[in-house]
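Here is the structure we will look at.
There are 2 protein chains.
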Amino acid sequence: MPTLQQMRYLAALAETLHFRRAAELAHVTQPTLSTQLRELELRLGVQLVERSRSRVILTPVGEEIARRARAVLRDVEEIRAVARFARQPLHGTMKVGVVQTLGSYLLPLIVPDLHRSHPELGFYVREGLPEALLGRLEQGGLELLFCALPVNRADLVATPLFHEPLMLVAPEEHPLARHEVVDASALKDQTILTLEPGHRMHDQIGDFCRDVGARISPDYEGTSLDTLRQMVAMGMGLSLLPALYVRSEVARERLVVARPLRAPAPARQIGMVWRKGSARAGEFSDLAGIIRDILRTRAPEISVPEDEAAA
Amino acid sequence: MPTLQQMRYLAALAETLHFRRAAELAHVTQPTLSTQLRELELRLGVQLVERSRSRVILTPVGEEIARRARAVLRDVEEIRAVARFARQPLHGTMKVGVVQTLGSYLLPLIVPDLHRSHPELGFYVREGLPEALLGRLEQGGLELLFCALPVNRADLVATPLFHEPLMLVAPEEHPLARHEVVDASALKDQTILTLEPGHRMHDQIGDFCRDVGARISPDYEGTSLDTLRQMVAMGMGLSLLPALYVRSEVARERLVVARPLRAPAPARQIGMVWRKGSARAGEFSDLAGIIRDILRTRAPEISVPEDEAAA
DNA sequence: TGTTTCAATAGATAGAATCTATCAGGAGGC
DNA sequence: GCCTCCTGATAGATTCTATCTATTGAAACA
Numbered sequence: 000m001p002t003l004q005q006m007r008y009l010a011a012l013a014e015t016l017h018f019r020r021a022a023e024l025a026h027v028t029q030p031t032l033s034t035q036l037r038e039l040e041l042r043l044g045v046q047l048v049e050r051s052r053s054r055v056i057l058t059p060v061g062e063e064i065a066r067r068a069r070a071v072l073r074d075v076e077e078i079r080a081v082a083r084f085a086r087q088p089l090h091g092t093m094k095v096g097v098v099q100t101l102g103s104y105l106l107p108l109i110v111p112d113l114h115r116s117h118p119e120l121g122f123y124v125r126e127g128l129p130e131a132l133l134g135r136l137e138q139g140g141l142e143l144l145f146c147a148l149p150v151n152r153a154d155l156v157a158t159p160l161f162h163e164p165l166m167l168v169a170p171e172e173h174p175l176a177r178h179e180v181v182d183a184s185a186l187k188d189q190t191i192l193t194l195e196p197g198h199r200m201h202d203q204i205g206d207f208c209r210d211v212g213a214r215i216s217p218d219y220e221g222t223s224l225d226t227l228r229q230m231v232a233m234g235m236g237l238s239l240l241p242a243l244y245v246r247s248e249v250a251r252e253r254l255v256v257a258r259p260l261r262a263p264a265p266a267r268q269i270g271m272v273w274r275k276g277s278a279r280a281g282e283f284s285d286l287a288g289i290i291r292d293i294l295r296t297r298a299p300e301i302s303v304p305e306d307e308a309a310a
Numbered sequence: 000m001p002t003l004q005q006m007r008y009l010a011a012l013a014e015t016l017h018f019r020r021a022a023e024l025a026h027v028t029q030p031t032l033s034t035q036l037r038e039l040e041l042r043l044g045v046q047l048v049e050r051s052r053s054r055v056i057l058t059p060v061g062e063e064i065a066r067r068a069r070a071v072l073r074d075v076e077e078i079r080a081v082a083r084f085a086r087q088p089l090h091g092t093m094k095v096g097v098v099q100t101l102g103s104y105l106l107p108l109i110v111p112d113l114h115r116s117h118p119e120l121g122f123y124v125r126e127g128l129p130e131a132l133l134g135r136l137e138q139g140g141l142e143l144l145f146c147a148l149p150v151n152r153a154d155l156v157a158t159p160l161f162h163e164p165l166m167l168v169a170p171e172e173h174p175l176a177r178h179e180v181v182d183a184s185a186l187k188d189q190t191i192l193t194l195e196p197g198h199r200m201h202d203q204i205g206d207f208c209r210d211v212g213a214r215i216s217p218d219y220e221g222t223s224l225d226t227l228r229q230m231v232a233m234g235m236g237l238s239l240l241p242a243l244y245v246r247s248e249v250a251r252e253r254l255v256v257a258r259p260l261r262a263p264a265p266a267r268q269i270g271m272v273w274r275k276g277s278a279r280a281g282e283f284s285d286l287a288g289i290i291r292d293i294l295r296t297r298a299p300e301i302s303v304p305e306d307e308a309a310a
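Okay, here's the thing in structure tokens:
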């Protein structure tokens with residue numbers, strides 16, 4: 000099998016048509032280049048160079064192979080360039096997953112600022128249910144996941160990004176809409192719409208409703224936060240939606256109103272998850288810090304933890 | 000600089016995602032593959048593989064580089080294929096030069112048979128004047144030249160293909176056309192048309208005419224054998240044209256007739272020339288033998304020498 | 001808890017790439 | 001014609017490196 004070095008020598012000789020000068024070009028001595036080219040010819044079983052004291056000429060095969068060798072060397076050079084580019088932190092593409100209940104509002108909130116400060120960083124985004132995304136993350140299909148914590152998998156690590164209360168969403172004319180802050184006990188016997196199973200919020204809201212004596216609507220399970228909101232607007236019941244979602248979608252229209260729940264309100268802890276031992280673990284930690292900063296500016300009403308070592 | 004071997008290991012690992020099996024695939028032991036991959040990462044300065052006991056995952060850069068590495072390996076494989084192909088004699092393309100006074104009839108005579116017996120052999124043909132073609136041959140722009148011998152250049156070798164007499168070509172109604180064989184002395188004071196300077200035949204016919212007392216037409220010098228023939232047909236004079244040309248072009252029409260000259264007739268020796276030490280010298284010798292055989296069949300009236308070592 | 005599996009590591013070894021020094025042949029100058 | 005310079009090939013020594021065997025340490029599994 001020919002070596003890259005031999006190809007380099009052939010390319011040099013093709014350029015200079017002169018052994019000594021080719022050797023200089025390749026930063027080796029002339030005997031090295033001579034023997035390696037002879038070795039290359041031996042391995043390929045073809046004469047590449049016509050040697051004479053007065054003239055060095057490549058054979059037609061030699062020309063052809065030199066041409067191809069140059070292409071190979073160029074491609075290898077590109078590989079090195081790819082590596083060099085990737086070496087810089089927060090460059091290149093990250094394959095991230097976002098749980099559906101975050102996708103519609105989290106990325107739009109942080110990506111513009113992030114793109115401004117780190118223009119070389121791109122995201123390949125995949126939405127889905129937590130279980131599926133965690134599986135993909137473990138398998139290597141994703142590098143990074145935004146979802147609700149805690150995540151209890153031995154080979155994954157997580158760091159919190161923000162603490163997001165759930166807010167009561169009701170039709171404008173609903174009696175509870177008149178309260179500025181709603182007490183959990185006020186939800187007794189109310190009908191609550193929630194997401195289909197598989198979402199973290201499904202279980203969380205189910206538990207909460209059982210505690211306060213509210214009734215989960217048996218007839219309907221939403222597939223997204225948007226459908227829940229629309230069902231509330233149609234008077235099918237109340238719902239509990241994440242504060243940042245409310246901020247980005249509910250606050251913009253008049254059909255439904257959102258009210259905070261009195262502490263201890265149900266809430267979710269949103270964080271970033273990656274594989275323990277991921278090559279980019281350091282980058283991910285840094286990225287978490289950057290995202291927390293962005294959130295502090297863009298969503299001051301949300302509680303963002305101090306930076307910490309990923310746990 | 001990464002080595003091809005390291006790329007091969009990366010490709011194997013990308014395929015199996017398992018060190019031991021990748022090592023098997025690459026026909027080395029697992030520690031070898033491990034250390035070489037680590038070395039590759041070190042050289043590129045990038046982590047390519049996420050190692051954990053339970054799972055092996057390529058990083059995104061790892062994927063990208065593995066993809067490119069596979070392409071490089073494929074291209075190197077192609078280089079080996081090119082060499083393998085070139086190794087078979089009388090395969091591939093030969094860059095040949097043919098002097099203008101041969102081009103119109105020599106190749107059409109031999110190429111059909113040659114193509115039948117050696118379908119993988121192709122010609123890239125360049126016509127020109129002898130001097131220019133010899134220069135190109137020496138510089139490496141051509142590999143092989145068909146022209147009149149002798150050729151006296153130290154770095155070239157030649158082998159004869161056939162001995163080709165020149166024939167007298169005259170208008171049908173010309174008095175000399177009545178002789179079956181024409182004596183050279185009969186050309187005394189006749190007007191002979193010949194080619195422009197630069198052709199071997201220009202000098203050869205000039206010498207011959209001086210010897211027999213014929214007159215070279217001062218007003219006209221042909222640029223090709225075809226124009227000479229046409230000038231003869233128009234009654235501008237007589238001409239001396241090569242026997243195989245006569246056979247292929249003159250014999251087909253009625254306007255001019257060709258008559259052999261009584262010995263010692265002027266003649267030219269046609270041969271093949273290549274560079275001393277050409278990679279394909281052996282092929283060229285073989286080719287000469289094949290061409291001589293074809294000529295013995297296709298042009299039995301022509302004298303073809305026995306095969307010999309190229310001189 | 002013991003067993004198996006996996007990748008990393010250590011140390012030895014054979015092979016390869018490179019170097020310095022030198023040779024042999026041809027070109028060009030005098 | 002002879003000498004010198006220049007070319008590429010060759011010889012031999014040396015350093016590097018790719019590879020091997022043997023082993024370790026850690027996780028997964030039963």
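Heads up: the protein sequence lines correspond to chains X and L, in order.
Per numbering that gives the first Met the number 0: the first sequence = residues 0 to 310.
Per numbering that gives the first Met the number 0: the second sequence = residues 0 to 310.
Using N, Cα and C, we set each Cβ at its ideal position, and we do this for glycine too.
Distance CB(residue i)-CB(residue j) smaller than 8 Å
| i | j | result |
| --- | --- | --- |
| Ala213/X | Leu175/X | no |
| Val231/L | Pro170/L | yes |
| Asp182/X | Arg261/X | yes |
| Leu12/L | Leu36/L | yes |
| Ile191/X | Ser223/X | no |
| Val81/L | Val71/X | no |
| Leu3/X | Leu3/L | yes |
| Glu49/L | Ala278/X | yes |
| Arg67/L | Ile78/X | yes |
Bounding residues of the beta strand (DSSP E) (the contiguous stretch that carries residue i)
| i | result |
| --- | --- |
| His173/L | His173/L -> no beta strand (DSSP E), and no H or E assigned at all. |
| Ala266/X | 266-274 |
| Asp218/X | 214-221 |
| Thr190/L | 190-194 |
| Val256/X | 255-258 |
| Val124/L | 120-127 |
| Arg152/L | Note, Arg152/L: premise wrong, no beta strand (DSSP E); not H, not E. |
When the options are compared against residue i, the one with the closest alpha-carbon
| i | options | result |
| --- | --- | --- |
| Asp218/X | Val211/X, Asp202/X, Gly236/X | Gly236/X |
| Leu89/L | Ser284/L, Leu132/L, Leu12/L | Ser284/L |
| Gly276/L | Leu155/L, Glu77/L, Pro259/L, His162/L | Leu155/L |
| Gln229/X | Ala153/X, His198/X, Val256/X | Val256/X |
| Ser184/X | Pro1/X, Val245/X, Ala264/X, Asp225/X | Ala264/X |
| Arg291/X | Ile269/X, Gly121/X, Arg274/X | Ile269/X |
| Leu143/L | Arg253/L, His178/L, Met0/L, Val272/L | Val272/L |
| Pro59/X | Ile301/L, Pro299/L, Ala280/L | Ala280/L |
| Gln203/X | Leu227/X, Gly121/X, His117/X, Leu240/X | Leu240/X |
| His26/L | Leu43/L, Thr34/L, Tyr8/L | Tyr8/L |
| Gln87/X | Gln5/X, Pro118/X, Gly197/X, Asp188/X | Pro118/X |
| Leu194/L | Gln99/L, Gln138/L, Glu49/L, Leu294/L | Gln99/L |
| Leu111/X | Glu305/X, Thr296/X, Ile301/X | Note on identity: in this sequence residue 111/X is Pro, with Leu being the wrong assignment. Of Glu305/X, Thr296/X, Ile301/X, the residue nearest in Cα terms is Thr296/X. |
| Phe161/L | Phe207/L, Leu294/L, Val97/L | Leu294/L |
Limits of the unbroken alpha helix (DSSP H) element including residue i
| i | result |
| --- | --- |
| Glu332/X | Any answer about residue 332/X is impossible in this case: the structure gives chain X only from 0 up to 310. |
| Pro30/L | 29-43 |
| Met93/X | Premise fails: Met93/X lies in the beta strand (DSSP E), 91-98, not in any alpha helix (DSSP H). |
| Arg69/L | 59-86 |
| Leu12/X | 3-15 |
| Val211/L | 199-211 |
| Arg115/L | 105-116 |
Under 8 Å from the C-beta of residue i: neighbouring residues of chain L
| i | result |
| --- | --- |
| Gln46/X | Ala278 |
| Gly139/X | Glu49, Arg54, Ile56, Leu57 |
| Gly121/X | The contacting residues do not exist; Gly121/X stays about 11 Å from chain L at best. |
Chain-ordered chain L contacts of residue i [CB-CB under 9 Å]
| i | result |
| --- | --- |
| Ser184/X | Under the 9 Å cutoff, chain L gives no residues; its nearest Cβ is about 48 Å from Ser184/X. |
| Val95/X | In chain order: nothing, as chain L lies at least about 11 Å away. |
| Val150/X | None at all; the shortest Cβ gap to chain L is about 17 Å. |
For residue i, the residue or residues it bridges with in DSSP
| i | result |
| --- | --- |
| Ser302/X | His162/X |
Chain-ordered chain X contacts of residue i [CB-CB under 9 Å]
| i | result |
| --- | --- |
| Ser51/L | Asp154, Arg274, Lys275, Gly276 |
| Thr2/L | Thr2, Leu3, Gln4 |
| Val60/L | Val81, Ala82, Phe84, Ala85, Arg86, Gly91, Ala278 |
Closer than 7 Å at the beta carbon, the chain L residues around residue i
| i | result |
| --- | --- |
| Ile64/X | Ile78, Val81, Ala82 |
| Leu43/X | Arg79, Ala82 |
Partners in chain X for residue i, counting only beta-carbon separations shorter than 7 Å
| i | result |
| --- | --- |
| Val75/L | Pro1, Val71 |
Neighbour list for residue i in chain X, Cβ cutoff strictly below 8 Å
| i | result |
| --- | --- |
| Arg37/L | The premise fails here: Arg37/L is roughly 13 Å from chain X at the closest Cβ pair, so nothing lies under 8 Å. |
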